[in-house]
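In this note's numbering, the protein residues as written are -4 to 372.
Following this line, the structure appears as structure tokens:
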């Protein structure tokens, strides 16, 4: 009995000291799993959700330990100075292609891999970067080996070693991001997952400070003083806080017509959710309406942010067509904007990517829907 009490005391303390998640969201997820019953979300799907939440709680003390080990063993990471370049704009607008293409120039940029966002600990990353292990990670697909997973992978290829967007961190660690909606497709839940500006100031500062530490950790591992290349196209309501946090921040905004990107995004979100829950969310009453309304507000906010805060001094604007059809010219404009010059090898790489794009076949189809025109950019 004594040792049980000691163990539980240590466990609770470690959970209490954990750098993440945002616990209010964690308990809201439990509330929906236990009490929000819909016939379309079956027992199997709820079992997956319960497993996800229980696993998170079980491993929480381990994440606390690893986080504290980094503070103890590698305090130098906190001295890294971040100069961020944020790729923003509408999803399904070529931003992943642009992000991963620019990230290949490691003399100018550094980006963060999926596995680094998921396990943001220097101790763990030193192990995962061992050649035999990192080579294996390059072959592990994030998406499950199912029909839905196969289509999601075609629409958004993602191995654990791919460069990925910051949203992976907010999803996997803080449980507070639009991406969590893909695991827990309750229409009533969406507003609670996407409410960063409404969070208490103390929580907002903690989330962004922790995010900054993760970037510093990866920069410490890379040992290079270059631009940090970020991508966040599904949750822009942190941008104003990021502008205040990083005085030297620059932005690359990629835009596409609302109707075009929404048709593609709806298909990707459907199949992403289906691959994670075995449920096509389109059959859930209110799901599509909640999703479309969220993206409508998101687009209007982005247009308003563009006109109010992102002027030509800190932001460059590119179209979907320009990025996907002329990546060489797009990167040329970006380098001019940053007053940087790519080396010969990277220029050759970009030319090769340009040739590949001309011959690229999409490999998937989706239904084009008519959405209200909200183009404000």
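Ideal Cβ placement from N, Cα and C applies to all residues, glycine included. Predicted model only: the values in this text are computed from it and were never measured.
6 Å Cβ shell around residue i - same chain, five flanking residues per side excluded
{"i": "residue 16", "result": "169 and 170"}
{"i": "residue 21", "result": "170"}
{"i": "residue 139", "result": "270"}
{"i": "residue 178", "result": "271"}
{"i": "residue 80", "result": "222, 224 and 245"}
{"i": "residue 31", "result": "181"}
{"i": "residue 280", "result": "none"}
Own chain, CB closer than 8 Å to residue i, minus 5 neighbours either side, in chain order
{"i": "residue 108", "result": "155, 156, 157, 158 and 159"}
{"i": "residue 317", "result": "324 and 325"}
{"i": "residue 88", "result": "228, 249, 250, 251, 256, 315 and 318"}
{"i": "residue 322", "result": "92, 93, 96, 345, 348, 349 and 352"}
{"i": "residue 203", "result": "233, 236, 237 and 240"}
{"i": "residue 25", "result": "48"}
{"i": "residue 265", "result": "275, 276 and 277"}
{"i": "residue 23", "result": "184 and 187"}
{"i": "residue 141", "result": "270"}
Neighbourhood of residue i by C-beta distance below 7 Å, restricted to the same chain and skipping five residues each side
{"i": "residue 372", "result": "Interpretation of residue 372 is limited by its pLDDT of 46, a score under 50 that renders its predicted location unreliable; no figure is taken from the coordinates."}
{"i": "residue 84", "result": "90, 228, 248, 249 and 250"}
{"i": "residue 335", "result": "103"}
{"i": "residue 113", "result": "163 and 167"}
{"i": "residue 359", "result": "146, 149 and 150"}
{"i": "residue 285", "result": "182 and 185"}
Closest Cα partner of residue i within the set the options
{"i": "residue 66", "options": "137, 105 and 205", "result": "205"}
{"i": "residue 230", "options": "221, 355, 179 and 166", "result": "166"}
{"i": "residue 115", "options": "63, 347 and 282", "result": "63"}
{"i": "residue 233", "options": "219, 263, 288 and 190", "result": "190"}
{"i": "residue 366", "options": "293, 328 and 287", "result": "287"}
{"i": "residue 57", "options": "5, 320 and 354", "result": "5"}
{"i": "residue 364", "options": "86, 290, 258 and 209", "result": "258"}
{"i": "residue 293", "options": "97, 173 and 39", "result": "173"}
{"i": "residue 224", "options": "264, 161 and 265", "result": "161"}
{"i": "residue 320", "options": "356, 309, 295 and 310", "result": "356"}
{"i": "residue 262", "options": "186, 362 and 29", "result": "362"}
{"i": "residue 208", "options": "3, 187, -2 and 14", "result": "14"}
{"i": "residue 338", "options": "101, 31, -1 and 60", "result": "101"}
Buried versus exposed, by CB contacts within 10 Å (16 or more), residue i
{"i": "residue 34", "result": "exposed"}
{"i": "residue 331", "result": "exposed"}
{"i": "residue 164", "result": "buried"}
{"i": "residue 278", "result": "exposed"}
{"i": "residue 42", "result": "exposed"}
{"i": "residue 105", "result": "buried"}
{"i": "residue 329", "result": "buried"}
{"i": "residue 120", "result": "buried"}
{"i": "residue 86", "result": "buried"}
{"i": "residue 373", "result": "There is no way to answer for residue 373, as the model of the chain reaches only from -4 to 372."}
{"i": "residue 282", "result": "buried"}
{"i": "residue -4", "result": "exposed"}
Residue i beta carbon near the ligand SAH (any heavy atom closer than 6 Å)
{"i": "residue 35", "result": "For the ligand SAH, the structure offers nothing, since it holds no ligand at all."}
Cβ of residue i within 7 Å of any chain C Cβ
{"i": "residue 266", "result": "The structure shown contains no chain C; it holds only a single protein chain."}
Checklist entry - Quick one: any contact between the segment 183 to 199 and the segment 238 to 254, if contact means 3 or more CB pairs under 8 Å? => result no
Q) Taking contact to mean at least 3 C-beta pairs separated by less than 8 Å, is the segment 46 to 55 in contact with the segment 4 to 18? A) yes
Quick check: the segment 92 to 103 against the segment 38 to 49, are at least 3 beta-carbon pairs closer than 8 Å? no
For this session: Could you tell me which uninterrupted alpha helix (DSSP H) segments, each at least 4 residues in length, are contained entirely in the segment 294 to 328, listed from first to last along the chain?
Result: 315 to 320
Decide if the segment 61 to 80 is in contact with the segment 204 to 219; the criterion is three or more beta carbon pairs, one per stretch, under 8 Å apart.
yes
The segment 131 to 150 in contact with the segment 268 to 283 per 3-pair CB rule at 8 Å = yes
Which runs of the beta strand (DSSP E) spanning at least 3 residues fall entirely within the segment 57 to 134, listed in chain order?
79 to 84
Requested in this report: Please list the segments of the beta strand (DSSP E) lying wholly inside the segment -4 to 49, counting only runs of 3 or more residues, in order along the chain.
Outcome: none
### Query
Which runs of the alpha helix (DSSP H), 4 residues or longer, sit entirely within the segment 190 to 270?
196 to 217 and 234 to 240
*Length-filtered (3 minimum) beta strand (DSSP E) runs lying within the segment 329 to 355*: none
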